[in-house]
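First residue of the sequence shown? That's 47 in the working numbering, and the numbers climb one at a time after it.
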Amino acid sequence: MLFAFLGLVIWVCRLILAVPFPEDFIFGVSTAAYQNEGAWNTSGKGPSIWDTLTHERPELILDRSNGDVADNSYNKWEEDIELLNDLGVQFYRFSIAWTRIFPDGEPINPNQEGINFYNNFLDQLTSNGILPMVTIFHWDIPESLQKMGGFMNPRIIDYYTAYAKVLFDHFGDRVKYWITINEPKQYCQEGHGEASYAPAINISGVADYLCGHNIIRAHAAVYHMYDDYYRSLYDGEVGISLSGHWFEAYTRDDEDAAERMRQFYVGWWANPIFSSEGDYPKVMKEFISKRSSQQGYPWSRLPEFTEDEINYIRGTADFFGFNHYTTFMAQNAESDDLTVSYANDHQVIFASDPTWARGASAWLSVVPWGFRKYLKWIKDTYSSPIIYVTENGFSDHGGLHDPERVQYYKQYMEALLEAIYIDEVEVKGYAPWTLMDNFEWFDGYVNRFGLYGVDFSDPNLPRKPKDSAKYYKEVIKSRRLV
Ligand code: PNW
């Protein structure tokens with residue numbers, strides 16, 4: 047009996063390799079402005095926090111590099127569109143640089159050269175039949191807004207909305223998918239709570255929650271603006287991209303801890319927007335408020351939404367953008383340590399299993415089953431939202447022969463098909479990170495995620511397909527895992 051059952055499971059898994067992706071499923075690829083564009087101070091562009099951080103504190107970047115030139119996509123954008131054509135993708139996810147539109151963030155006199163650049167790009171993209179998926183904010187806030195507190199200052203909601211309005215006004219006719227914010231967990235927690243990304247504030251358990259509170263409200267404000275004024279004109283969709291590791295319980299006793307970590311990582315953002323009750327996850331509110339009072343705070347360090355805000359935020363996404371790379375084993379770590387920090391709030395420790403294959407990035411191991419479990423968890427936790435996988439990828443140190451990346455994509459897309467066909471998760475699209483090697487934040491140009499390799503020693507920055515690009519191209523063409 048058991049053997050027959052196991053046999054059936056193996057047979058179903060093999061079968062997955064032969065089934066095509068659903069007819070309405072779309073394939074794409076992802077990039078971001080600061081990591082690709084270069085041209086950091088030309089054509090009226092102002093400095094963002096990434097320009098400032100890389101220039102003033104190069105020691106924070108593994109190879110002391112920056113995005114001043116990056117892939118020079120600002121000048122080589124026509125070539126980039128040829129790559130997209132070569133791959134055969136149906137959509138392209140890229141971000142707009144806020145500082146090309148409002149160079150110092152002040153929402154007056156948008157920079158016409160910046161608008162022209164994205165207009166030309168969108169025209170060419172759509173005339174090639176590629177759907178644009180535009181990230182409004184992929185971490186590169188204008189430096190002058192940061193000086194006023196950036197996302198820790200609630201006034202940012204108005205600045206961000208004014209910026210998004212310019213994008214909707216000028217580009218809304220061609221953009222089918224809008225992503226308000228890329229990975230608030232990395233931006234707020236790791237960039238404000240820690241110093242792993244700009245603006246490197248490093249006040250854990252306080253600055254991260256302030257940033258998060260305003261970023262969620264800013265997201266909701268922009269969603270409502272689109273819904274109220276633009277949807278009837280352009281019929282596009284607005285979502286948000288949330289990153290999530292799968293956290294697997296280390297032992298049976300760690301089930302609560304693993305779930306708590308999922309809530310602190312992705313529930314932080316997803317619960318207010320996608321859950322039926324709205325607001326921050328209950329476990330986050332409880333743990334942070336209890337800790338805060340033990341520490342002597344007169345309030346909970348996690349700010350509170352009003353009842354009106356909870357209702358205003360709930361339901362503000364047409365799709366769940368999901369960025370996923372890896373999995374960790376999670377263990378309960380409840381303790382009496384009263385140091386103020388995000389880690390002391392969630393009280394979970396996690397690590398990768400030493401038997402897993404590893405990427406070049408310190409945090410990346412290859413665990414395809416974690417991807418499938420996560421997709422199923424999203425379905426079950428948030429009443430089956432439409433999901434677009436807006437990032438998934440593997441890092442190495444470069445080179446056009448990349449068998450590990452090919453293997454990674456093959457296994458992760460297999461897990462994706464199982465999620466679609468066996469678990470009935472509503473995944474409608476998939477976009478690997480990333481089109482070509484680019485500026486990988488604090489890892490500079492050391493760790494590479496591209497499907498196309500870029501020779502950074504050649505001033506022309508030539509792009510060449512890696513084996514993984516050829517593999518992905520075949521998958522898109524046949525709509526099957528080859
Ligand atoms: C994403 N982690 O960030 C970003 O959206 C991209 O800009 C970035 O280049 C890409 O993933 C690769 O790093 C993440 O620690 C950074 O698990 C770190 C993690 C996840 C996503």
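The beta carbon of each residue, even a glycine, is placed where N, CA and C say it ideally should be.
beta-carbon His184 near ligand 1 non-hydrogen atom, thresh 8 Å
yes
Contact with chain D by Lys425, beta-carbon distance below 9 Å
In the structure shown, chain D cannot be found, because there is only a single protein chain.
Taking the alpha carbon of Leu191 as the point to measure from, which residue in Arg298, Gly475, Ser94, Thr385 has its own alpha carbon closest?
Ser94
Same chain, Cβ closer than 8 Å to Ala316, neighbours up to 5 away in sequence not counted:
Leu288, Phe366, Ile424, Thr427, Tyr428
Between Gly84 and Asn118, is the Cβ-Cβ spacing less than 9 Å?
yes
Best match in Trp144, Ser524, Asp383, Lys231 for proximity to Asn369 [C-alpha to C-alpha]:
Lys231
Closer than 8 Å to a non-hydrogen atom of ligand 1 - does that hold for the CB of Trp409?
Answer for Trp409: yes, Cβ within range of ligand 1.
Rounded separation between Ile433 and Pro478 - CA only:
14 Å
Pull up the distance between the alpha-carbon of Leu177 and that of Thr436, whole angstroms please.
Leu177 and Thr436 have their C-alpha atoms roughly 14 Å apart.
Excluding the five sequence neighbours on either side, which residues of its own chain have a C-beta within less than 6 Å of the C-beta of Leu463, listed in chain order?
Only Ile62 meet the Cβ criterion.
Ignore the nearest five residues each way along the sequence and tell me which others in Asn357's own chain have a CB closer than 8 Å to its CB.
Taken in chain order, the residues that qualify are Gly324.
Excluding five sequence neighbours on each side, which residues of the same chain lie with their C-beta closer than 6 Å to the C-beta of Arg526?
Pro66
Sorted by chain position, which residues of the same chain lie with C-beta nearer than 7 Å to Ser278's C-beta, five sequence neighbours on each side aside?
none
Quick check: the Cα distance between Arg220 and Ala363, rounded to an integer number of angstroms?
19 Å
Straight-line CA distance for Tyr326 to Leu213?
Looking at the two C-alpha atoms, the distance is approximately 29 Å.
Using only the heavy atoms of ligand 1, determine whether one of them is closer than 8 Å to the beta carbon of Ser190.
no
Mind checking which residues open and close the beta strand (DSSP E) that includes Gln377?
373-378
One question on the structure: do Tyr498 and Tyr455 come within less than 9 Å of each other, judged by their Cβ atoms?
no
When you compare only the Cα positions, how much space is there between Ile142 and Lys510?
Rounded to the nearest angstrom, the two C-alpha atoms are 25 Å apart.
Which residues in the same chain as Lys211 place their Cβ atom closer than 6 Å to its Cβ, once the five residues preceding and following it in sequence are excluded?
none
Measuring only the C-alpha atoms, how far is Trp86 from Thr77?
16 Å
Can you check whether the CB of Ile225 is closer than 9 Å to the CB of Val180?
yes
Where Gly239 falls, given that 16 or more other Cβ within 10 Å makes a residue buried
buried
Any heavy atom of ligand 1 within a distance shorter than 8 Å of the CB on Ser287?
yes
From what residue to what residue does the beta strand (DSSP E) around Val223 run?
The sequence given here has Tyr at residue 223, not Val. Looking at the DSSP string, the run of the beta strand (DSSP E) that includes Tyr223 is 223-228.
Spatial neighbours of Phe320 within its chain, please: CB distance less than 7 Å, with the 5 preceding and 5 following residues excluded, ordered by chain position.
Ala363, Phe366, Tyr428, Pro431
Whether Ala303 touches Ala376 by CB criterion (9 Å):
yes
For Ile154, the residue or residues it bridges with in DSSP:
Per DSSP, none; premise fails for Ile154.
Look up Arg494 in the DSSP assignment and say whether it is helix, strand or coil.
strand
Check whether the Cβ of Tyr476 lies closer than 8 Å to any heavy atom of ligand 1, and answer yes or no.
no
Any heavy atom of ligand 1 inside 8 Å of the beta-carbon of His238?
Result no, Cβ not under 8 Å from ligand 1.
For Arg103, write down the residues that DSSP places opposite it in a beta bridge.
Answer is none; Arg103 lacks a bridge partner.
Going by the C-beta, is Ala241 closer than 8 Å to any heavy atom of ligand 1?
No - ligand 1 has no heavy atom lying nearer than 8 Å to the Cβ of Ala241.
Thr98 beta carbon less than 9 Å from that of Ala244:
yes
Which full runs of the beta strand (DSSP E) of 3+ residues lie inside the region 130-203, going along the chain?
137-141, 177-183
When DSSP labels each residue in this structure, what does Leu446 get in the three-state scheme?
coil
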